[in-house]
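S.K.: Read top to bottom, the protein sequences are chains A and B. Each residue of the first sequence is one higher than the one before, counting from 10 in the numbering used here. Each residue of the second sequence is one higher than the one before, counting from 1352 in the numbering used here. For each residue, glycine too, the CB sits at the ideal point set by N, CA and C. Quick one: the structure is below, and I'll ask about it shortly.
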Amino acid sequence: DAGVTQSPTHLIKTRGQQVTLRCSPKSGHDTVSWYQQALGQGPQFIFQYYEEEERQRGNFPDRFSGHQFPNYSSELNVNALLLGDSALYLCASSENRDNTEAFFGQGTRLTVV
Amino acid sequence: AQSVSQHNHHVILSEAASLELGCNYSYGGTVNLFWYVQYPGQHLQLLLKYFSGDPLVKGIKGFEAEFIKSKFSFNLRKPSVQWSDTAEYFCAVNAPGNNRLAFGKGNQVVVIP
């Protein structure tokens, strides 16, 4: 049973460019959340998708957007990249019910130069 | 919104020493509590979780945590660490019905053989 898979694992982009990161949730999971983990910090919640809609959003600008597909996989898009967007981006999947745990992927390391 | 505090961000100890990592959260309502571990080069993995019931929770690899509601704390303990416990440890919290996680900044633990 595959866990959460993310692609690509590493990415280097230039300031001002746009990037798309991808996530496939664990089998049986229908909810996908995205987190940003800056160096030396804990993961920060970006947003969560369920039934192909953004259900919750953290304190991130509109440059960060996402999508969920009918097969529950998800994309994170970041426009107009800033140097400060350099971070590890984590995808987590879970079931849509109370008292459940999130399973994390290995993340995509984004470097903006 | 919930917030989580972890202190002593860098911990260095010898094998067989005891480990205790502190976690305090700020949220007035009922919470779910988690400890995640990130071994070098690996994804975030769940060590243990608390939803309700016995406040002393046992997790994988000999770890345990105690929920003290009056102190808003969920400290992690292991009586005797091994070199393989070298990792970063994150405390996280969410509210029931809302599986958006708030993480602390993490504890980098290094165990010297």
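#1: Is it the case that the CB of residue 1370(B) approaches a heavy atom of the ligand HEM more closely than 7 Å?
#2: Check the Cβ-Cβ distances between residue 70(A) and every residue of chain B, and say whether any is below 8 Å.
#3: Could you check how far apart the C-beta atoms of residue 102(A) and residue 111(A) are, in whole angstroms? I think they sit under 8 Å.
#4: So, with DSSP's three-state summary, where would you put residue 82(A)?
#5: Buried or exposed, going by whether 16 or more other CB atoms sit within 10 Å of the CB of residue 38(A)?
#6: From residue 1425(B) to residue 1373(B), what does the alpha carbon distance come to, in whole angstroms?
#7: Compare the C-beta of residue 77(A) against all C-beta atoms of chain B and say whether one is closer than 8 Å.
#8: Identify whether residue 92(A) lies in helix, strand or coil by the three-state DSSP scheme.
#9: Once DSSP output is grouped into helix, strand and coil, what is the label at residue 33(A)?
#10: Using a Cβ cut-off of 9 Å, pull out every chain B residue sitting near residue 54(A), in sequence order please.
#11: With a threshold of 8 Å between beta-carbons, can residue 1447(B) be considered close to chain A, or not?
#12: Compile a chain-ordered list of the residues in the segment 1375-1399 of chain B whose CB is closer than 8 Å to at least one CB of chain A.
#13: Checking the sheet assignment: what are the DSSP bridge partners for residue 116(A)?
#14: Let me make sure I understand the geometry here. Which of 72(A), 42(A), 50(A) has the alpha-carbon closest to that of residue 82(A)?
#15: Does chain B have any CB closer than 8 Å to the CB of residue 48(A)?
#16: Does the beta-carbon distance from residue 117(A) to residue 48(A) come in below 8 Å?
#17: Taking residue 1402(B) as the query, report the chain A residues whose CB atoms sit under 7 Å from its CB, ordered along the chain.
#18: Residues of chain A with a CB under 9 Å from the CB of residue 1441(B): which are they?
#19: Going along chain A, which residues have a C-beta under 7 Å from residue 1410(B)?
#20: Please check the pair residue 3(A) and residue 113(A), which I expect to be a contact at CB under 8 Å, by giving their CB distance rounded to whole angstroms.
#21: If residue 40(A) and residue 105(A) are in contact, beta carbons under 8 Å, what's the gap, nearest whole angstrom?
#22: So, residue 1415(B) versus residue 1409(B), is the Cβ gap smaller than 8 Å?
#23: Taking Cβ positions, are residue 71(A) and residue 1448(B) nearer each other than 8 Å?
M.R.: Reading off the structure:
#1: The ligand HEM is absent from the structure shown, which contains no ligands of any kind.
#2: For residue 70(A), not one C-beta of chain B is nearer than 8 Å to its own C-beta.
#3: The pair is a contact, with the Cβ atoms about 7 Å apart (cut-off 8 Å).
#4: coil
#5: With 16 or more Cβ atoms within 10 Å of its Cβ, residue 38(A) is classed as buried.
#6: Looking at the two C-alpha atoms, the distance is approximately 7 Å.
#7: no
#8: helix
#9: Residue 33(A): strand per DSSP, three-state reduction.
#10: 1451, 1452, 1453, 1454
#11: yes
#12: 1383, 1385, 1387, 1393, 1394, 1395, 1396, 1397
#13: Answer is none; residue 116(A) lacks a bridge partner.
#14: 42(A)
#15: Proximity of residue 48(A) to chain B, defined by a Cβ-Cβ separation below 8 Å, is not satisfied.
#16: With contacts defined as CB atoms closer than 8 Å, residue 117(A) and residue 48(A) fail to qualify as a contacting pair.
#17: 108
#18: 51, 52
#19: What residue 1410(B) touches in chain A: nothing, since even the nearest Cβ is about 11 Å away.
#20: This structure cannot settle anything about residue 3(A), because the visible part of chain A is limited to 10 through 122.
#21: 5 Å
#22: yes
#23: no
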